[in-house]
Amino acid sequence: MDFRPIGSSGLRVAPVGLGAMPLSIDGRPSERDAIRVVHAALEAGMTLIDTADVYCLDDRDIGHNERLIARALSEWKGARPVVATKGGLERPGGAWVPSGRPEHLRHACEASLKALGVETIALYQLHSPDPRVPFADSVGTLAELRREGKIEHVGLSNVTVEEIRAARRIVPIASVQNRCNILDRQPWLDGVLVACEQETIALLAYAPVGGHRGSGRIAESAPLRAVAERRGVSPYQVALAWLLGKSPVLIPIPGASRVTSAVDSAHAMALRLEPVDLAALDAAFPTR
Ligand SMILES: NC(=O)c1ccc[n+]([C@@H]2O[C@H](COP(=O)([O-])OP(=O)(O)OC[C@H]3O[C@@H](n4cnc5c(N)ncnc54)[C@H](OP(=O)(O)O)[C@@H]3O)[C@@H](O)[C@H]2O)c1
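Residue numbers (numbering that gives the first Met the number 0): 0 to 287.
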């Protein structure tokens, strides 16, 4: 399958990327097994890895996932993937709390540069708006970090259409990372998908197979299972291929803590759903 652009950034990636979160949060695999998952994803053709400073157990463990990715890539002989990271949350006691103050974002970006072992972060995403901080102040800090060369491209996450428009007035936005899967279809309901298409912004679909704790719903879905059986693939691949077929700006980033999940998800890039499959899925999962 053809590579997809990350907005107007000039970066192009294989259409399914690796969501690295399950490698570092509660229930994470051993470091050796986690590195195997990263290598298996790259071997299977993925060229985008999504990480964040807060993919870790709690505030004492910040940067775990970024350090893991850096270690995996130091042992990887193939082409360098695009590594996208995020700042703007904290993990007090393991909770997920927005933290969009300029000082926090600046400190987080410096720490991510160090953890990833790079001079510039290819794609730095604001993890979430912080209701206690003016949105323009958080985005403005990312714009400053970009001017300073610490960030190449800016992305947003967990944002509305209004926030996307407001951010674009401050700095070019390459990507939006919002929850998006065949079972929930939020970006169709809230207009974010259309906004991304209109503004040439990549929509990195997080929780693309139902979410970290919700992926079992994909395996249990009768319409997905029916198509999967017809094509001889997993229902996860069907869910990902459906997303890929819905819009050229969509780039799903399925998470994996096991090699088999990562490789199976990568195979969705080669899956062509037939008109009969698409008709059945559109009837079961309408987007309007
Ligand atoms: N920006 C945000 O606020 C935000 C929030 C959540 C996630 N994310 C990002 O988005 C990524 C994806 O979201 P997510 O991990 O929450 O949810 P997800 O990708 O919908 O589900 C992940 C879980 O589904 C299972 N899975 C995935 N592909 C599979 C396959 N082909 N076959 C069988 N099982 C499969 C994995 O199981 P195993 O663990 O057993 O391999 C994994 O733990 C995260 O890793 C993270 O990078 C961002």
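For each residue, glycine too, the CB sits at the ideal point set by N, CA and C.
CA-to-CA distance, residue j to residue i, given in whole angstroms
| i | j | result |
| --- | --- | --- |
| Pro156 | Val237 | With the sequence shown as reference, residue 156 is identified as Ser, and Pro is not the correct amino acid for it. Looking at the two C-alpha atoms, the distance is approximately 25 Å. |
| Thr251 | Ile48 | Looking at the sequence provided, one finds Pro at residue 251 rather than Thr. About 11 Å. |
| Gly218 | Gln185 | This sequence places Ala at residue 218; Gly is not what is there. Cα-Cα distance, rounded: 20 Å. |
| Asp281 | Ala110 | 44 Å |
| His152 | Ala225 | 40 Å |
| Ser8 | Ala173 | 6 Å |
| Gly215 | Leu277 | 22 Å |
| Arg287 | Arg70 | 44 Å |
| Lys113 | Glu161 | 33 Å |
| Ala194 | Arg167 | 12 Å |
| Leu249 | Ala255 | 19 Å |
| Asp263 | Asn64 | 22 Å |
| Gly116 | Ala279 | 46 Å |
| Pro253 | Arg229 | 23 Å |
| Gly154 | Glu89 | 18 Å |
| Leu56 | Pro28 | 13 Å |
| Ile68 | Val53 | 13 Å |
| Arg146 | Ala107 | 17 Å |
| Ser23 | Arg59 | 13 Å |
| Ala267 | Thr199 | 24 Å |
| Thr140 | Tyr235 | 38 Å |
| Leu125 | Glu143 | 13 Å |
| Ala135 | Arg105 | 15 Å |
| His211 | Ile169 | 33 Å |
| Gly213 | His103 | 31 Å |
| Gly26 | Arg257 | 11 Å |
| Pro285 | Gly6 | 26 Å |
| Thr159 | Arg11 | 24 Å |
| Gly244 | Leu72 | 30 Å |
| Trp241 | Val208 | 11 Å |
Which listed residue (the options) has its alpha carbon closest to that of residue i
| i | options | result |
| --- | --- | --- |
| Pro97 | Ala69, Val82, Pro130 | Pro130 |
| Arg164 | Arg184, Asn180, Val138 | Val138 |
| Ser246 | Tyr235, Ala221, Cys179 | Cys179 |
| Pro101 | Ala114, Gly86, Gly93, Ala94 | Gly86 |
| Leu239 | Pro128, Arg229, Leu182, Ile5 | Leu182 |
| Ser127 | Ala51, Pro171, His63, His152 | Ala51 |
| Ser260 | Ala13, Ala43, Pro4 | Ala43 |
| Phe2 | Ile169, Thr46, Gly92, Leu141 | Thr46 |
| Ala13 | Ala265, Val275, Ala283, Leu104 | Ala265 |
| Arg66 | Ala94, Pro91, Val37 | Val37 |
Buried versus exposed, by CB contacts within 10 Å (16 or more), residue i
| i | result |
| --- | --- |
| Val15 | buried |
| Lys76 | exposed |
| Gln197 | exposed |
| Leu188 | exposed |
| Gly18 | buried |
| Val275 | exposed |
| Pro299 | Because the chain here runs from 0 to 287, residue 299 falls outside it and cannot be looked at. |
| Trp95 | exposed |
| Ala78 | exposed |
| Ser299 | Since the first residue of the chain shown is 0 and the last is 287, residue 299 is not available in this structure. |
| Ala221 | exposed |
| Gly62 | buried |
| Gly99 | buried |
Any non-hydrogen atom of ligand 2 closer than 7 Å to residue i Cβ
| i | result |
| --- | --- |
| Asp49 | For the structure depicted, ligand 2 is absent and the ligand set comprises only ligand 1. |
If contact is defined by three or more beta carbon pairs under 8 Å, each pair taking one atom from either stretch, is the segment 21–34 in contact with the segment 266–282? Cβ pair count under 8 Å is below three, so no.
For the segment 116–126 against the segment 76–85, are there 3 or more C-beta pairs whose distance is under 8 Å? As far as the Cβ criterion goes, the segment 116–126 touches the segment 76–85, which means the pair count is three or higher.
Indicate whether the contact test is met: 3 or more Cβ pairs, each with one atom in the segment 192–212 and one in the segment 169–178, closer than 8 Å. With three or more CB-CB distances shorter than 8 Å, the segment 192–212 counts as touching the segment 169–178.
If we require 3 or more residues per run, which beta strand (DSSP E) segments fall completely within the segment 183–213? DSSP runs (the beta strand (DSSP E)) wholly in the segment 183–213: 201–205.
Jot down the residue ranges of each uninterrupted alpha helix (DSSP H) in the segment 230–278, minimum 4 residues, whole runs only, in chain order. Qualifying alpha helix (DSSP H) stretches, in chain order: 234–245, 258–266.
Run through the segment 115–184 for me and flag every whole alpha helix (DSSP H) of 4 or more residues, listed as ranges in chain order. Fully enclosed alpha helix (DSSP H) runs of 4 or longer: 134–146, 160–167.
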